[in-house]
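Contents: one structure, followed by commentary.
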Amino acid sequence: MRKICVFLGGRANYSSIKSAMRAIKEHPDLTLQVILAGQGLSDKFGDLEGILENDGFAIDEKVHMLVAGDKPISMVKTAGLGLLGISDALDHLQPDFLIVVGDRYEVMAATIAAAYMNIRVAHTMGGEVTGTIDESIRHAITKFAHVHFPANKEAGERIIKLGERPEDVFVVGCPRVDHVKELLDGDSSMPLDLYDTFGGVGPVFDLKEPFLLISQHAVTTEYGEAKDRITNTIKACVRTGLNIIILWPNADAGTEGISTGIRRYREKYPEARIHAFKNLPADIYTRLMKNTACLVGNSSSGIREGAYIGTPCVNIGSRQNGRERGHNVIDVTHDENGIFEAVKKQIEHGPYPSEPIYGDGHAGVQIAEILSKVEVPIQKRIVY
Numbered sequence: 024m025r026k027i028c029v030f031l032g033g034r035a036n037y038s039s040i041k042s043a044m045r046a047i048k049e050h051p052d053l054t055l056q057v058i059l060a061g062q063g064l065s066d067k068f069g070d071l072e073g074i075l076e077n078d079g080f081a082i083d084e085k086v087h088m089l090v091a092g093d094k095p096i097s098m099v100k101t102a103g104l105g106l107l108g109i110s111d112a113l114d115h116l117q118p119d120f121l122i123v124v125g126d127r128y129e130v131m132a133a134t135i136a137a138a139y140m141n142i143r144v145a146h147t148m149g150g151e152v153t154g155t156i157d158e159s160i161r162h163a164i165t166k167f168a169h170v171h172f173p174a175n176k177e178a179g180e181r182i183i184k185l186g187e188r189p190e191d192v193f194v195v196g197c198p199r200v201d202h203v204k205e206l207l208d209g210d211s212s213m214p215l216d217l218y219d220t221f222g223g224v225g226p227v228f229d230l231k232e233p234f235l236l237i238s239q240h241a242v243t244t245e246y247g248e249a250k251d252r253i254t255n256t257i258k259a260c261v262r263t264g265l266n267i268i269i270l271w272p273n274a275d276a277g278t279e280g281i282s283t284g285i286r287r288y289r290e291k292y293p294e295a296r297i298h299a300f301k302n303l304p305a306d307i308y309t310r311l312m313k314n315t316a317c318l319v320g321n322s323s324s325g326i327r328e329g330a331y332i333g334t335p336c337v338n339i340g341s342r343q344n345g346r347e348r349g350h351n352v353i354d355v356t357h358d359e360n361g362i363f364e365a366v367k368k369q370i371e372h373g374p375y376p377s378e379p380i381y382g383d384g385h386a387g388v389q390i391a392e393i394l395s396k397v398e399v400p401i402q403k404r405i406v407y
């Protein structure tokens with residue numbers, strides 16, 4: 024019985040691997056282990072611990088590693104503490120594989136810990152091209168990982184070009200799309216008790232009326248501009264006259280700038296029809312994406328899930344530079360007028376046809392089956 028440990032450093036990690044976790048848990052030849060760490064244990068960024076438990080997943084180890092702060096040094100110190108705590112967790116669990124997701128600094132810490140402890144690393148969402156420091160982190164993790172689960176063909180080809188063995192690269196699609204497909208195949212309407220269940224702050228409005236969804240995170244290499252940038256985004260969206268739902272940012276350098284920008288705008292314009300949520304479960308966020316007139320910001324969800332759903336998306340700035348995108352995305356700079364014109368165009372266009380460029384909704388089952396059988400040496404060699 025192989026032990027497959029999943030590292031979760033926050034809400035984005037969970038939505039990106041949930042379907043694989045479920046498939047691993049249900050597989051007869053696998054045992055699922057879960058490490059919850061970083062912002063995943065911080066109430067400021069949502070009660071991920073409670074969400075996991077409600078979804079039927081046991082937490083085997085918790086690693087408190089999040090260093091508060093709005094500067095790059097906070098991310099570095101968080102990763103450093105993570106190395107200490109995650110190594111203890113792995114020493115206790117002794118997994119056969121550690122699954123890590125994407126490109127965040129918490130994930131880098133988990134990857135390094137596993138590599139030095141001779142634990143094979145399985146990496147999802149590698150090989151993609153984007154902006155920010157995440158670009159470097161993602162490819163660095165690829166060079167540590169033993170098994171690769173890229174989301175599309177182009178990403179898989181980049182992994183091989185980085186010197187990885189082709190037989191260790193499995194293009195399975197994105198597990199986030201699995202969840203989207205499952206939801207869209209069922210009932211994707213908004214729950215009537217959204218505000219009562221998940222709270223948030225700001226005016227309450229009928230979600231049957233057109234609304235915009237803002238999901239914008241700090242760009243760590245440009246973190247000093249975060250407050251002004253989110254203010255421009257909010258101003259542009261308010262000009263449309265539509266109701267707005269806005270989500271709190273990730274724990275990165277610049278996150279306080281975004282949080283401050285949101286708070287100050289709400290304080291200055293209390294009548295603005297903006298409702299802010301600290302955290303929402305993946306199924307609720309997917310429903311919002313399905314029903315919104317336009318998703319605005321720089322979240323990868325607009326490009327990844329948005330292509331599958333057909334969500335009109337205005338992608339702002341450099342955070343997603345180079346990532347494969349569908350026809351549903353309009354790219355703009357942080358200029359208020361440019362954002363407004365793009366959002367207005369997307370509202371007028373409406374939903375787009377589905378483009379499954381990040382998978383067809385069956386990634387999780389494939390990941391579990393591959394990990395139950397794959398044989399890969401612990402010592403890596405570059406392929407020329």
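In case it helps, our numbering puts the sequence shown at residues 24 to 407. Where a beta carbon is used, it is the ideal one built from N, C-alpha and C, also for glycine.
Please classify lysine 159: is it buried, with 16 or more other beta-carbons within 10 angstroms of its beta-carbon, or exposed? Counting from one through the sequence shown, the residue named residue 159 turns up at place 136. Here residue 159 is serine; the residue named in the question, lysine, does not match the sequence. Label assigned to serine 159: exposed.
If you compare alpha carbons, which of Val192, Lys41 and Glu364 is closest to valine 397? As a position in the sequence shown, residue 397 is number 374, starting the count at 1. Minimum Cα distance to valine 397 is reached at Val192.
Near proline 233, which residues of its chain fall below 6 Å by C-beta distance, leaving aside the five closest residues on each side in sequence? For this step, residue 233 is matched to residue 210 along the sequence shown. The beta carbon of proline 233 sits closer than 6 Å to those of Leu265 and Ala316, all from its chain and outside the five residues before and after it, given in chain order.
Just checking my contact of proline 293 with serine 282 at CB under 8 Å: how many whole Å lie between their CB atoms? Counted from its first residue, the sequence shown places residue 293 at position 270. Counted from its first residue, the sequence shown places residue 282 at position 259. About 17 Å separates the Cβ atoms of proline 293 and serine 282, ruling out a contact at the 8 Å cut-off.
Classify threonine 147 as helix, strand or coil using the three-state DSSP reduction. On the sequence shown, position 124 is the one that residue 147 refers to. In the displayed model, threonine 147 falls within a strand according to three-state DSSP.
Determine the direct distance from the alpha carbon of asparagine 338 to that of glutamine 369, and round the result to whole angstroms. Position 346 of the sequence shown, counted from the start, is the residue given in the question as residue 369. Position 315 of the sequence shown, counted from the start, is the residue given in the question as residue 338. Straight-line Cα distance between these residues: approximately 11 Å.
Please go through the same chain and pick out, in chain order, the residues whose beta-carbon is closer than 8 Å to the beta-carbon of lysine 367, but skip the five residues on each side of it. Here residue 367 corresponds to residue number 344 of the sequence shown, with the count starting at 1. These residues qualify, in order along the chain: Thr263.
To the nearest angstrom, how far is the alpha carbon of lysine 100 from that of serine 110? On the sequence shown, residue 100 is found 77 positions in, with the first residue counted as 1. On the sequence shown, residue 110 is found 87 positions in, with the first residue counted as 1. Cα to Cα, the separation comes out at about 16 Å.
Counting Cβ pairs closer than 8 Å, one from the stretch 341 to 353 and one from the stretch 288 to 302, do we hit at least three? The stretch 341 to 353 vs the stretch 288 to 302: no contact.
Who are the near neighbours of histidine 15 in its chain, counting only those whose CB is closer than 6 Å to its CB and skipping five residues on each side? Nothing about residue 15 can be reported from this structure: the residues present for the chain run from 24 to 407 only.
In or out: serine 322 buried (at least 16 other Cβ within 10 Å) or exposed? Numbered from its first residue, the sequence shown carries residue 322 at position 299. Around the Cβ of serine 322, a 10 Å sphere holds 16 or more other Cβ atoms; the residue is buried.
For cysteine 260, write down the residues that DSSP places opposite it in a beta bridge. Residue numbering aside, residue 260 sits at position 237 when the sequence shown is read from its first letter. According to the DSSP secondary-structure assignment, cysteine 260 is paired through a beta bridge with no residue.
Report the residue from Gln56, Gly79, Ala274 and Gly209 whose alpha carbon sits nearest the alpha carbon of leucine 64. The residue you call residue 64 lines up with position 41 of the sequence shown. It is Ala274.
Take the Cβ of valine 227 as the centre, count every other Cβ of all protein chains shown within 10 Å, and call the residue buried at 16 or more, exposed below. Sequence index remark: in the sequence shown, residue 227 carries index 204 (1-based). Valine 227 is classed as exposed because its beta carbon has fewer than 16 other beta carbons within 10 Å across all chains shown.
According to the neighbour-count rule (16 or more other Cβ atoms, all chains shown, within 10 Å of its Cβ), is methionine 24 buried or exposed? Within the sequence shown, residue 24 is the residue found at index 1, counting from 1. It counts as exposed.
Kindly list the residues whose CB is nearer than 8 Å to the CB of methionine 131, restricted to its own chain and excluding five residues on each side of it in sequence; keep chain order. The residue given as residue 131 occupies position 108 in the sequence shown. These residues qualify, in order along the chain: Ala102, Ile160, Ala163 and Ile164.
For a test of the three-state rule: what should DSSP assign to valine 319, helix, strand or coil? Against the sequence shown, residue 319 aligns to sequence position 296. The answer is strand: DSSP assigns valine 319 an E or B state.
Of the residues Lys26, Gly284, Asn36 and Gln402, which one's Cα is nearest the Cα of glutamate 49? Within the sequence shown, numbered from 1, the residue matching residue 49 stands at position 26. Of the candidates Lys26, Gly284, Asn36 and Gln402, Lys26 places its Cα closest to the Cα of glutamate 49.
For a test of the three-state rule: what should DSSP assign to aspartate 354, helix, strand or coil? In the sequence shown, counting from the first residue as 1, residue 354 sits at position 331. In the structure shown, the three-state DSSP call for aspartate 354 is strand.
Glutamate 84, DSSP secondary structure in three states: The count along the sequence shown starts at 1 and reaches residue 84 at position 61. Assigned with DSSP and collapsed to three states, glutamate 84 falls in strand.
Alpha-carbon spacing of isoleucine 156 relative to alanine 112, whole angstroms: As a first step, residue 156 is located in the sequence shown; it is residue number 133 there, counting from the start. As a first step, residue 112 is located in the sequence shown; it is residue number 89 there, counting from the start. C-alpha of isoleucine 156 to C-alpha of alanine 112: approximately 27 Å in a straight line.
What residue does the alpha helix (DSSP H) around glutamine 62 start on, and which one ends it? Start at 1 with the first residue of the sequence shown, and residue 62 comes out as number 39. DSSP places glutamine 62 in no alpha helix (DSSP H); its state is neither H nor E.
Quick one: which unbroken beta strand (DSSP E) runs of 3-plus residues sit fully inside the stretch 226 to 255? Chain order, please. Runs of the beta strand (DSSP E) lying entirely within the stretch 226 to 255, each at least 3 residues long, are 234 to 238 in chain order.
Does the separation of the CB atoms of isoleucine 40 and leucine 59 fall below 7 Å? On the sequence shown, position 17 is the one that residue 40 refers to. On the sequence shown, position 36 is the one that residue 59 refers to. Contact flag unset, no.
Residue of Ile390, Ser97, Val406 and Lys258 minimising C-alpha distance to arginine 199: For the purposes of this step, residue 199 is taken as the residue at position 176 of the sequence shown. Among Ile390, Ser97, Val406 and Lys258, the Cα nearest to that of arginine 199 belongs to Ile390.
With a threshold of 16 other CB atoms inside 10 Å of the CB of arginine 346, please say whether the residue is buried or exposed. Here the question's residue 346 lines up with position 323 in the sequence shown. Classified as buried, arginine 346 has 16 or more neighbouring CB atoms from the shown chains inside 10 Å of its CB.
Beta-carbon within less than 8 Å of alanine 91's beta-carbon, same chain only, minus the 5 sequence neighbours each way: which residues are those? Translated into positions along the sequence shown, residue 91 becomes position 68. Within the same chain, alanine 91 has close Cβ partners Ser97.
Exposure of serine 38, with buried meaning 16 or more beta-carbon neighbours within 10 Å: If you number the sequence shown from 1, residue 38 lands on position 15. Taking every protein chain shown into account, the CB of serine 38 has 16 or more other CB atoms within 10 angstroms, so this residue is buried.
Looking at the strands, I want to know which residues DSSP matches up with phenylalanine 30. One-based indexing of the sequence shown puts residue 30 at position 7. Listed as beta-bridge partners of phenylalanine 30 by DSSP are Ile58.
Express the C-alpha separation of threonine 153 and glutamate 180 in angstroms, rounding to a whole number. Numbered from its first residue, the sequence shown carries residue 180 at position 157. Numbered from its first residue, the sequence shown carries residue 153 at position 130. Their backbone Cα atoms lie some 16 Å apart in a straight line.
Proximity winner among Leu311, Gly247 and Cys28, relative to histidine 115 (alpha-carbon distances): The residue labelled residue 115 in the question sits at position 92 within the sequence shown. Closest option to histidine 115, Cα to Cα, is Cys28.
Integer Cβ distance of valine 195 from alanine 365, believed to fall under 8 Å: On the sequence shown, residue 195 is found 172 positions in, with the first residue counted as 1. On the sequence shown, residue 365 is found 342 positions in, with the first residue counted as 1. Going by Cβ atoms, the distance from valine 195 to alanine 365 rounds to 33 Å, so no, they are not a contact pair.
What residues in its chain sit with their C-beta under 6 Å from that of glutamate 313, if we drop five residues either side in the sequence? Translated into positions along the sequence shown, residue 313 becomes position 290. One point to set straight first is that residue 313 is lysine, not glutamate, in the sequence displayed. So the list reads Ser211 and Ile332, once near-sequence residues are dropped.
Cα-Cα, which of Asp93, Ile122 and Arg45 is closest to glycine 32? The count along the sequence shown starts at 1 and reaches residue 32 at position 9. Nearest in C-alpha terms to glycine 32, of all of Asp93, Ile122 and Arg45, is Ile122.
Rounded to whole angstroms, what is the Cα-Cα separation between lysine 403 and glutamate 129? To locate residue 403, count along the sequence shown from 1; it is residue 380. To locate residue 129, count along the sequence shown from 1; it is residue 106. Note on geometry: alpha-carbon atoms of lysine 403 and glutamate 129 lie some 23 Å from one another.
Can you tell me the Cβ-Cβ gap for leucine 217 and leucine 230, rounded? I've got them flagged as a contact below 8 Å. Position 194 of the sequence shown holds residue 217. Position 207 of the sequence shown holds residue 230. So it is a contact: roughly 7 Å between Cβ atoms.
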